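Accompanying notes for the structure given below.
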Amino acid sequence: MQATLTAASLLRTAPSDLPVPHTDRDTPHPADAVAGAVDSSALLQGQKAVAISHNGSVYRLQATKLGKLILTK
Numbered sequence: 426m427q428a429t430l431t432a433a434s435l436l437r438t439a440p441s442d443l444p445v446p447h448t449d450r451d452t453p454h455p456a457d458a459v460a461g462a463v464d465s466s467a468l469l470q471g472q473k474a475v476a477i478s479h480n481g482s483v484y485r486l487q488a489t490k491l492g493k494l495i496l497t498k
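FYI, our numbering numbers position 9 of the sequence shown as 434, with every residue one higher than the one before it.
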């Protein structure tokens, strides 16, 4: 089952409320470098793909086996 996220639901959660895992405290996480960045694990929530509603269209965000992200309409 895929979760559907809207832009509004993502904006309701402040970025500081989202978990950002760190494996090495001396190395900043990529999401820390961009203000307001949302960690992909917060979007995917353990799933390989998630549907995202944006401006009346539905997009699919998918994680690959190599750890890349694919966004398709």
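Cβ coordinates follow ideal geometry from the N, Cα and C atoms, glycine included. The structure presented is a predicted model; accordingly, all values stated were derived computationally and were not measured.
- DSSP, reduced to helix, strand and coil, places Ala467 within a helical segment of the structure shown.
- The C-beta separation of Gln487 from Lys498 comes to about 12 Å, leaving the pair out of contact by the 8 Å criterion.
- The bridge partners DSSP lists for Thr497 are Arg485.
- At a Cβ-Cβ threshold of 7 Å, Val463 and Leu469 do not count as neighbours.
- Ile477 and Val483 have their alpha carbons spaced roughly 6 Å apart.
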